[in-house]
Amino acid sequence: MKVAEVAGTVVSPISHPFFDGKRLLLCDLIDPDGTVGGYVIAVDVVNAGVGERVLILDEGSSARQIFDVATGPIRAVVVGIVDEIA
Amino acid sequence: MKVAEVAGTVVSPISHPFFDGKRLLLCDLIDPDGTVGGYVIAVDVVNAGVGERVLILDEGSSARQIFDVATGPIRAVVVGIVDEIA
Amino acid sequence: MKVAEVAGTVVSPISHPFFDGKRLLLCDLIDPDGTVGGYVIAVDVVNAGVGERVLILDEGSSARQIFDVATGPIRAVVVGIVDEIA
Amino acid sequence: MKVAEVAGTVVSPISHPFFDGKRLLLCDLIDPDGTVGGYVIAVDVVNAGVGERVLILDEGSSARQIFDVATGPIRAVVVGIVDEIA
Amino acid sequence: MKVAEVAGTVVSPISHPFFDGKRLLLCDLIDPDGTVGGYVIAVDVVNAGVGERVLILDEGSSARQIFDVATGPIRAVVVGIVDEIA
Numbered sequence: 415m416k417v418a419e420v421a422g423t424v425v426s427p428i429s430h431p432f433f434d435g436k437r438l439l440l441c442d443l444i445d446p447d448g449t450v451g452g453y454v455i456a457v458d459v460v461n462a463g464v465g466e467r468v469l470i471l472d473e474g475s476s477a478r479q480i481f482d483v484a485t486g487p488i489r490a491v492v493v494g495i496v497d498e499i500a
Numbered sequence: 415m416k417v418a419e420v421a422g423t424v425v426s427p428i429s430h431p432f433f434d435g436k437r438l439l440l441c442d443l444i445d446p447d448g449t450v451g452g453y454v455i456a457v458d459v460v461n462a463g464v465g466e467r468v469l470i471l472d473e474g475s476s477a478r479q480i481f482d483v484a485t486g487p488i489r490a491v492v493v494g495i496v497d498e499i500a
Numbered sequence: 415m416k417v418a419e420v421a422g423t424v425v426s427p428i429s430h431p432f433f434d435g436k437r438l439l440l441c442d443l444i445d446p447d448g449t450v451g452g453y454v455i456a457v458d459v460v461n462a463g464v465g466e467r468v469l470i471l472d473e474g475s476s477a478r479q480i481f482d483v484a485t486g487p488i489r490a491v492v493v494g495i496v497d498e499i500a
Numbered sequence: 415m416k417v418a419e420v421a422g423t424v425v426s427p428i429s430h431p432f433f434d435g436k437r438l439l440l441c442d443l444i445d446p447d448g449t450v451g452g453y454v455i456a457v458d459v460v461n462a463g464v465g466e467r468v469l470i471l472d473e474g475s476s477a478r479q480i481f482d483v484a485t486g487p488i489r490a491v492v493v494g495i496v497d498e499i500a
Numbered sequence: 415m416k417v418a419e420v421a422g423t424v425v426s427p428i429s430h431p432f433f434d435g436k437r438l439l440l441c442d443l444i445d446p447d448g449t450v451g452g453y454v455i456a457v458d459v460v461n462a463g464v465g466e467r468v469l470i471l472d473e474g475s476s477a478r479q480i481f482d483v484a485t486g487p488i489r490a491v492v493v494g495i496v497d498e499i500a
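Protein chains in written order, with my numbering: chain A, 415 to 500; chain B, 415 to 500; chain C, 415 to 500; chain D, 415 to 500; chain E, 415 to 500.
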């Protein structure tokens, strides 16, 4: 998993039906010291807000299990909110 | 997922039969600020045009589910058109 | 697999229930000569301490087999403590 | 998928039996403008020659389906010859 | 697959039982021109020695098939010794 900071939400009106009603977050991947290194678009499951530090899990099988679906075009998910790294 | 801009179409007359009749798009991966960082060749499912910003999902199992096939040599798919990131 | 050095633990009170009771380690990926190159958040199974050199396996199916679960949102695991590279 | 240029063939007399009788190609990954960015060793299925531009699919499940085997140590395959990108 | 040069062996006395009795090799990934670009820790199946050029396959399903196990925490395997690239 990686740590990321939520930077915004993605609006994609023309998309695969799987994404209907799901929040897509633009997440800046960050190093533990806070520097930014790329980004990923992830589906939210912990109701994270812009500016929060989150845990990103980027694997299709994990993602489908989280949504309890056998099939679904999904790979990256926000699985946790980071409180502290110590 | 990643955001990309459609840069062109790929013509591959000698290829695996799975690709017959499918549109292959050359997609420049972009950062949210618009800078380009590599590319991917993806199969189109939302009828995206050159110059449009799209969502790229890059995972084989997801891709096969989108085309409703159990097998098929495919990994990257254009799954949405991006309207806004805010 | 990669070699990493345990740099700390991650506290994520709001997260997927799978992570309840599991130790999440911040692991700095290192080259054999000791230089740092990125990091990964991994679940611990060998009780590694901060400062120890460890083996990181980063694949979902492997990770779920280690925890003996058919499903679970997990990908990276600390699978060994490195004694020597010679 | 990625675009690559075939740079040579790999001779590996001591290898897993799966590779017996298969052509292993050294493929330089290229950007659409022609610059080289790394390489991959891929199994050929379209009889590509040195210097030709090809499509590389890099996923194990796809690769095994192409060879119609349930198991097999394979991941990258040359799945097409690129005629034009426009 | 990638080409690598075996640089050493990894001693990990505290590790997952799957690795008992298996040789773990530190493999420097190399470009065809010989420059080094990162490394990977892989399990050996062709009895490669330090200094030899080898083929690395980095995919979990392939790796488990090579060891004929349905489960096992493994991803990268040395699958061949490279004689020549021409």
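Yeah, the Cβ is synthetic: ideal placement off N, Cα and C, and Gly gets one too.
It should be emphasised that the depicted structure is a prediction, and the values quoted were computed from it without experimental measurement.
Could you check where the alpha helix (DSSP H) with residue i kicks off and where it finishes?
i              : result
R478 (chain C) : G474 to I480
In terms of residues, what are the limits of the beta strand (DSSP E) holding residue i?
i              : result
E419 (chain E) : K416 to V425
G451 (chain C) : V450 to D458
V492 (chain B) : A490 to I495
D442 (chain D) : L438 to I444
Could you round the C-beta distance between residue i and residue j to whole angstroms and report it? I think they count as a contact, below 8 angstroms.
i              : j              : result
V454 (chain E) : L443 (chain E) : 6 angstroms
V491 (chain B) : A477 (chain B) : 5 angstroms
M415 (chain B) : R437 (chain A) : Rounded, the Cβ-Cβ distance is 13 angstroms, inconsistent with contact.
V493 (chain E) : P487 (chain D) : 6 angstroms
I428 (chain A) : L440 (chain C) : Rounded, the Cβ-Cβ distance is 39 angstroms, inconsistent with contact.
S475 (chain E) : G474 (chain D) : 5 angstroms
For the ligand MN, is there a heavy atom less than 7 angstroms away from the beta-carbon of residue i?
i              : result
A484 (chain A) : The model on display carries no ligand, and the ligand MN is accordingly not part of it.
Determine contact between the segment 479-491 of chain C and the segment 422-441 of chain C, defined as no fewer than three beta-carbon pairs at a distance below 8 angstroms. Segments in contact, yes.
Along the segment 478-494 of chain A, where does the CB come closer than 8 angstroms to a CB of chain C? Name the residues. For the segment 478-494 of chain A, residues whose beta-carbon sits nearer than 8 angstroms to a beta-carbon of chain C comprise Q479, I480, V491, V493 and G494.
Residues in the segment 429-461 of chain A having any Cβ partner in chain C nearer than 9 angstroms: Within the segment 429-461 of chain A, the residues whose Cβ lies closer than 9 angstroms to some Cβ of chain C are D445, P446, G451, V459, V460 and N461, listed in chain order.
Three Cβ pairs or more, each shorter than 8 angstroms: is that satisfied between the segment 452-470 of chain E and the segment 415-424 of chain E? Flag = yes, the segment 452-470 of chain E and the segment 415-424 of chain E touch.
Output, in sequence order along the chain, the residues in the segment 416-429 of chain D whose CB is closer than 9 angstroms to any CB in chain E. So the list reads A421, G422, T423, V424, V425, S426, P427, I428 and S429, given in the order they occur along the chain.
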